[in-house]
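Structure, as structure tokens:
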Amino acid sequence: MSESTVVVIGVFDGVHKGHQALLNRAKEIADGRKIVALTFDPHPRAIFAPDSVPPMLTTLADRVELLKIHNADQVAVMKFNEQFAAMSPEKFVEDILVNQLHVSTVIVGKNFTYGSKAAGNVDSLIKDGLQHNFTVDVQELAGGAEPISSSRIRNLVLEGKVEQARELLSRPHRLDGVVVHGEKRGREIGYPTANLGKIDGQTIPADGIYAGWLTVGINFWPAAISIGTNPTFEGDRGRQVEAYALDQQGLDLYDKAASVEFGWYLRPTLKFNGLDELLVQMKKDCDEARRLTEQ
């Protein structure tokens, strides 16, 4: 990559509206230059504070795809390990931005820090730019009084506020996993659900019933989604994420990659006095999910 580039730097978890504004800015000023999104994996906190690594809003594969959808010509994924974390701000600029990415403009948010112990900031980056012949474009992250941030969206999702999260992400929050075998109770009562496994490390919404969508392969179905421990039934079980593809019967989805997207929060998880009461409520939930997803 020898031609000069516009480099946009960030973890970009969620590729939310604030991140999109940085990438839109890159598009505005690129003038024929390649736009490179420089991101990090795993999350820097995996090195600095492994006990407090946040659940992620997007898998790395989704993040790369979303960055490309939002104007990045290329995505450079920097492995965030001890060695990288120990790199001085000057070395980061020289080795990564100048020698590897051939930067001519860097776009960052105003709180950007870099290098060992986060010693580099916007001011030092501007000085480095003068020395290495690149410009720095500093952007406010959009979002009114409270800037849009991944942690703000993460908290909304964890509280079940998926409509507000959708507004800040510009799309529904999504979980990617694999359909695993559950207790098959849904099948017995006429609501066969896809039980989503392999979702560790992703941001799972609060327990409750949601309306949204289930995607498996090329199939995309409106769905009623349940998160919780199925308290109506006897026995202890872990939290489960289950999606019922509305009006679909006889699907064989086991072991297939699947995504669940959350459009609307419908109600909390409740313990019913029996199956009949639960079935009445499930019909109401499905009717409401159908109405919302058909809008």
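Just so we're aligned: the sequence shown equals residues 66 to 360 in the numbering used here. By construction, the Cβ of each residue, glycine as well, lies at the ideal position given by its N, Cα and C atoms.
Could you pull out every residue in the same chain whose Cβ sits closer than 8 Å to the Cβ of residue i, ignoring the five residues on either side in sequence?
i: Phe-285; result: Trp-278 and Leu-279
i: Glu-15; result: Since the first residue shown for the chain is 66 and the last is 360, residue 15 is missing from the structure and cannot be characterised.
i: Arg-370; result: What is shown of the chain runs 66 to 360, which leaves residue 370 out entirely.
i: Arg-98; result: Glu-68, Ser-69, Thr-70, Val-71, Ser-169 and Thr-170
i: Gln-204; result: Ala-86, Leu-87, Arg-90, Ile-172, Val-173, Gly-174 and Lys-175
i: Asp-32; result: Past the edges of the chain, shown from 66 to 360, lies residue 32, and the structure says nothing about it.
i: Gln-314; result: Pro-257
Roughly how many angstroms lie between the CA atoms of residue i and residue j, to the nearest whole one?
i: Thr-294; j: Asn-176; result: 40 Å
i: Thr-124; j: Gln-346; result: 33 Å
i: Met-66; j: Tyr-309; result: Per-residue confidence for Met-66 stands at a pLDDT of 46, beneath the threshold of 50, marking its modelled position as unreliable; no derived number is given.
i: Gly-194; j: Val-201; result: 7 Å
i: Glu-211; j: Asn-186; result: 21 Å
i: Tyr-256; j: Ala-151; result: 53 Å
i: Asp-217; j: Lys-82; result: Per the sequence shown, residue 217 should be read as Arg rather than Asp. Going by the C-alpha atoms only, they are around 12 Å apart.
i: Leu-275; j: Lys-349; result: The amino acid at residue 275 is misidentified as Leu; the sequence shows Tyr. Roughly 12 Å separates the two Cα atoms.
i: Phe-149; j: Val-158; result: 12 Å
i: Glu-68; j: Gly-247; result: 52 Å
i: Gln-165; j: Val-71; result: 13 Å
i: Val-306; j: His-167; result: 44 Å
i: Asn-136; j: Asp-116; result: 34 Å
i: Gly-174; j: Leu-87; result: 8 Å
i: His-197; j: Lys-156; result: 12 Å
i: Phe-199; j: Ala-126; result: 30 Å
i: Lys-92; j: Ala-183; result: 28 Å
i: Tyr-330; j: Leu-357; result: 11 Å
i: Ile-283; j: Leu-316; result: 14 Å
i: Asp-320; j: Asp-160; result: 43 Å
i: Gly-225; j: Glu-359; result: 21 Å
i: Met-143; j: Ile-134; result: 20 Å
i: Lys-96; j: Arg-332; result: Residue 96 is actually Asp in this sequence, not Lys. Approximately 49 Å, taken between the alpha carbons.
i: Ala-322; j: Tyr-179; result: 36 Å
Suppose contacts are defined by Cβ-Cβ distances below 8 Å. Is residue i in contact with residue j by that definition?
i: Arg-236; j: Leu-122; result: no
i: Val-129; j: Phe-105; result: no
i: Ala-114; j: Val-140; result: no
i: Ile-264; j: Leu-240; result: yes
So, for residue i: in the same chain, excluding its five sequence neighbours on each side, which residues have a beta-carbon less than 6 Å away from its beta-carbon?
i: His-238; result: Val-222, Val-227, Ala-230 and Phe-327
i: Leu-318; result: Val-244, Ala-259 and Val-281
i: Ser-324; result: Arg-239, Asp-241 and Thr-280
i: Thr-334; result: Asp-272, Gly-273 and Gly-293
DSSP beta-bridge partners for residue i?
i: Lys-144; result: Asp-106
i: Phe-177; result: Per DSSP, none; premise fails for Phe-177.
i: Pro-287; result: Trp-278
i: Ser-117; result: Paired residue(s): none; Ser-117 is not in a bridge.
i: Leu-240; result: Val-325
i: Val-306; result: Ile-292
i: Ile-191; result: Ile-191 pairs with nothing; no bridge assigned.
i: Val-171; result: Val-72 and Val-201
i: Tyr-330; result: Tyr-275
i: Ala-259; result: Ala-308
i: Ile-100; result: Val-71
i: Asn-186; result: Thr-178
i: Val-129; result: Answer is none; Val-129 lacks a bridge partner.
i: Val-245; result: Asn-260
i: Gln-267; result: Met-121
Our contact map puts residue i next to residue j with C-beta atoms below 8 Å; I'd like the distance itself, whole angstroms only.
i: Ile-100; j: Asp-138; result: 5 Å
i: Leu-233; j: Val-244; result: The pair is not a contact, with the Cβ atoms about 29 Å apart (cut-off 8 Å).
i: Val-171; j: Ile-74; result: 7 Å
i: Leu-131; j: Val-163; result: No, Leu-131 and Val-163 are not in contact; Cβ-Cβ is about 27 Å, not under 8 Å.
i: Ser-215; j: Ser-181; result: The Cβ separation is near 23 Å, so there is no contact.
Kindly list the residues whose CB is nearer than 7 Å to the CB of residue i, restricted to its own chain and excluding five residues on each side of it in sequence; keep chain order.
i: Leu-311; result: Trp-286, Pro-287, Ala-288, Ala-289, Cys-351, Ala-354 and Arg-355
i: Pro-107; result: Phe-145
i: Gly-266; result: Pro-120 and Met-121
i: His-84; result: Gly-75 and Phe-77
i: Val-118; result: His-108, Arg-110 and Ala-111
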